[in-house]
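Have a look at the structure below before the remarks.
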Amino acid sequence: MRFLPLVLANLRRHKWRSVLTTLSVALALFLFASLRSVVTTLDANSRFGAANRMIVQNATGIVFPLPMSYAARLQATPGVEAVTWANWFGGRYGDGKRFFANFAVDPESYLRMYPEMVIPEDQKQAFIRERTAAVVGKRLLEVFGWRVGQDVTLQGTIFPGDWTFTIRGVYTPSNRSIGDDAMMFHYDYLYERFQNRVTPGWFVLRIADPGRSATVAKTIDDGFRNSSDPTKTGTERAFQAGFMTMWGNVRLLMGTIGTAVVFAILMVTGNAMMMSARERTGEVAVLKTIGFTDRTLFVLVMIEAALIAGTGAFMGLGGARALYGLADTNVLGFLPGFHVSDGTLVFGSGIAVLLAVASGVVPAWRAARLPVVQALRKVE
Amino acid sequence: MKVPLIYNVRSVMQRPVSTAMTALGIGLVVAVFVAMLSLANGFASALARTGTPVNALVLRRGADSELSSGITREMASIIAASPYVATGTDGRALVSPEVYVVVAMPRPGHDTLALANVVARGVSERAFDVRQNIRIVAGQRFQSGRAEVCLGTKIAGRLPHSGIGDKIHFGNRDWTVVCHFSAGGSSFESEIWGENEQFMPVFRGDVFQSVSFRLRDPAAFDEARRALQGDQRITVDVHRESDFYREQSALLGTVLQFLAVMITSIMAVGAVFGAVNTMYAAVASRTPEIAVLLTLGFHPRSVMASFLAESAVIAAAGGVIGCLLALPINGLVTSTTNWNSFSEVAFAFRVTPMLLLWGLIFAVVMGVVGGFFPAWRAARLPVVQALR
């Protein structure tokens, strides 16, 4: 630590170079953290889902509904505690540019199924009582500047026409993987206008023992196998995971770009370190002459590299964490719960260490091995 | 007088490692830039090519995708009888009322829960004529009245048991694969096609989702649209097919482009910092030389231009490296979900000459920006001090 002033003086010699190199490390790690967080958030969201909830869909495809009569049979299945259902509505508000999920639900049973949707008790009762009432996520209310009690009109795409709902409640998700920009309204309201078309899009079950989910799924799917609408039952978690695979090769894409970023910055930092070292050939020779050991010189250059990489990492990783922590990152409505995880911070710090070693080791080794006599000859 | 370029070239040769590293740094940025834009490009062009401007697509009024639409038989026949529909050589209308559904198919290499959402399109026998770019590459077209299907080439490669004569299972029954077709790289290649009358009872009952027809006079699209939308018997929206599919890709296309620009601009700033460092070092180590140039009577402007050119050339070299790095991904097939239709679309990365040119321009801009202040310093060097 005696030599810290010397290291700092060296860094200050080319202030701009040190600052720019540090900043480029910071940018690289910021970008790395952002990209990796997309992947970790997708992963986290796919793991979301209470272990005791299951989804029953039509086996033919996600867009095909199931008969209402299945509700009673599902309820009667051993191990099933509660049943609710919902139907994708696909309405658009205004110019339709801001997409949001909106679906018809059976109000009472649905809210009981999802205790993560926190709604004040009076609003909940108001929503359940009124046929045309709707609850919306906190964000959705803010995005459109709606108020509780306001009438809003959606244009149906699947169920044509204008649909007017009265907002009676606002929910706040207690689990950040649940989207806070969805809208739910009464299944009956949809049903009364399209009696011959509307049946539940999917059922949600609560099971008594999460450990027996596979058995319950098998019982249900086997029971409906030879009916007109065979089912596909899975845990909510598996359902979410399946949804995430729909993004395709996002993970690979993000990983590849992240690697490219890290390499590009390695070039920049390594280059800067080597340039500084080359310029100081004379000084290093002088230091050696006055008694600095090879080892000390090696360590000095490494510390310099470590300082640059460390400061950059602190700024980049810390900046990403703070920015995504504070700012509203779910503006576009997908990727709820986007944040920089601790794992990403550790991973990023690891990269910073590698960066310091990789960019410092060649100049440091050169400094240590410098032949004094030759080097001094160059000093004017 | 200009400083000869050979001066820069020789100077660069003096420090090959640091120049190469700067160029490589810029090259990687360009590679990511080109790769990401080719992804956005490939996706957009797959959907843009799906429609042709000579066709019209009719959906139920208010429907924003084929999936959410519904057209009754009666409406379909009113549309088919419209005078705006072109007729084929046999005198029959070139019209295809279609059933459009998304079915869950097993995804190879995953367990049974990982399913791919694939478009199954029930078409009329005229569809192969209405859609111009359809080519059957293997087997024969399905026959009317049979449980037979044709697979687009992109989906055929991704599904297990998808060879000619194989049976695939969806919609609660088995279908024999009788042909594979290509569609000029469009999203039709990610679809399963069968006969509409076969699909209808299996899926959604007695209703079509859309009607596509060839326009008798493509220029008279607006007229056809007005006539059909004004017809009291039917409640429909009429789209020009090419515009419709382009709009379907708009959302994801925008997201991809936004990502490309965001990521590369952050990377670019880092690379510019690298270029600044290199050029400052270059200027510093050549201080006496620059002073000599100035003493010899080279105008400071020429010195500045010379250093800017040096920086630009290093960056351009990086740009070339980047383009070369990005080239191999051209044609690589990837897939994602088109959220508008809720189905998987396979498409190829498309590295176009235009994109490569943009990559090079981008590199040179990075070089010029990075070289500006160092070059400025070189030009403003106090000669007397520098010569000492």
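In order, the protein sequence lines correspond to chains A and B.
In terms of this note's numbering, the first sequence opens at residue 1 and continues consecutively.
In terms of this note's numbering, the second sequence opens at residue 1001 and continues consecutively.
Glycine residues also receive a C-beta, built at the ideal position from the N, C-alpha and C atoms.
Remember, predicted model here, so these are calculated numbers, not experimental data.
CB contact flag (residue i, residue j, <7 Å)
| i | j | result |
| --- | --- | --- |
| residue 181/A | residue 225/A | no |
| residue 163/A | residue 57/A | no |
| residue 346/A | residue 321/A | no |
| residue 1057/B | residue 1247/B | no |
| residue 1140/B | residue 1178/B | yes |
| residue 1150/B | residue 1181/B | yes |
| residue 1215/B | residue 1221/B | yes |
| residue 148/A | residue 183/A | no |
| residue 1287/B | residue 1018/B | no |
Residue-chain proximity (residue i, chain B), Cβ-Cβ < 7 Å
| i | result |
| --- | --- |
| residue 129/A | no |
| residue 32/A | no |
| residue 18/A | no |
| residue 271/A | yes |
| residue 63/A | yes |
| residue 150/A | no |
| residue 303/A | no |
| residue 338/A | no |
| residue 23/A | yes |
| residue 261/A | yes |
| residue 155/A | yes |
| residue 28/A | yes |
| residue 264/A | yes |
| residue 210/A | no |
| residue 178/A | no |
According to DSSP, residues forming a beta bridge with residue i
| i | result |
| --- | --- |
| residue 1200/B | None, per the DSSP bridge assignment. |
| residue 54/A | 205/A and 235/A |
| residue 1213/B | 1056/B and 1095/B |
| residue 1167/B | 1176/B |
| residue 1194/B | 1122/B and 1149/B |
| residue 137/A | 171/A |
| residue 1345/B | 1336/B |
| residue 1237/B | 1059/B |
| residue 92/A | 155/A |
| residue 105/A | 86/A and 186/A |
| residue 1182/B | 1135/B |
| residue 1071/B | 1208/B |
Closer than 7 Å to chain A by CB, residue i
| i | result |
| --- | --- |
| residue 1270/B | yes |
| residue 1024/B | yes |
| residue 1253/B | no |
| residue 970/B | Residue 970/B lies beyond the stretch modelled for chain B, which goes from 1001 to 1388, so this question has no answer here. |
| residue 1168/B | no |
| residue 1139/B | no |
| residue 1064/B | yes |
| residue 1266/B | yes |
| residue 1198/B | no |
| residue 1028/B | yes |
| residue 1113/B | Unreliable placement is indicated for residue 1113/B, whose pLDDT of 49 sits below 50; no coordinate value is reported for it. |
| residue 1171/B | yes |
| residue 1019/B | no |
| residue 1032/B | yes |
| residue 1273/B | yes |
| residue 1103/B | yes |
| residue 1068/B | yes |
| residue 1072/B | no |
| residue 967/B | In this structure chain B extends from 1001 to 1388, so residue 967/B is not present and cannot be described. |
| residue 952/B | The structure shown does not extend to residue 952/B, since chain B is modelled only from 1001 through 1388, so no value can be given for it. |
Enumerate, from N- to C-terminal direction, the unbroken beta strand (DSSP E) stretches of 3 or more residues contained entirely within the segment 193 to 222 of chain A.
-> 202 to 207
Pairing CB atoms from the segment 1013 to 1031 of chain B with CB atoms from the segment 260 to 277 of chain A, are three or more of them under 8 Å?
-> yes
What are the uninterrupted segments assigned as alpha helix (DSSP H) that are 4 or more residues long and contained completely in the segment 157 to 193 of chain A, given in chain order?
-> 187 to 193
What beta strand (DSSP E) runs, 3 residues minimum, are completely inside the segment 1133 to 1158 of chain B?
-> 1135 to 1139 and 1148 to 1152
Please go through the segment 38 to 90 of chain A and give each complete beta strand (DSSP E) segment of 3 or more residues, from N-terminal end onward.
-> 53 to 58 and 80 to 88
Would you call the segment 1064 to 1071 of chain B and the segment 1268 to 1287 of chain B touching, i.e. three or more CB-CB distances under 8 Å?
-> no
Stretch-stretch touch, CB-based, cutoff 8 Å, three pairs: the segment 1098 to 1105 of chain B with the segment 1199 to 1219 of chain B = yes
Write down every uninterrupted run of the alpha helix (DSSP H) in the segment 1266 to 1295 of chain B whose length is 4 residues or greater and which is fully enclosed by it, in chain order.
-> 1287 to 1295
Check whether the segment 21 to 36 of chain A touches the segment 204 to 211 of chain A, counting contact only when three or more Cβ pairs, one atom from each stretch, lie closer than 8 Å.
-> no
Contact between the segment 5 to 22 of chain A and the segment 284 to 304 of chain A (3+ Cβ pairs under 8 Å) = yes
Taking one C-beta from the segment 212 to 224 of chain A and one from the segment 62 to 78 of chain A each time, how about it: are there three or more such pairs within less than 8 Å?
-> yes
Would you say the segment 1147 to 1165 of chain B touches the segment 1185 to 1201 of chain B, given that touching needs at least three Cβ pairs under 8 Å?
-> yes
Please determine if the segment 1328 to 1337 of chain B and the segment 1346 to 1366 of chain B are in contact, where contact requires at least 3 C-beta pairs separated by less than 8 Å.
-> yes
At least 3 beta-carbon pairs within less than 8 Å: the segment 1243 to 1259 of chain B vs the segment 1047 to 1056 of chain B | yes
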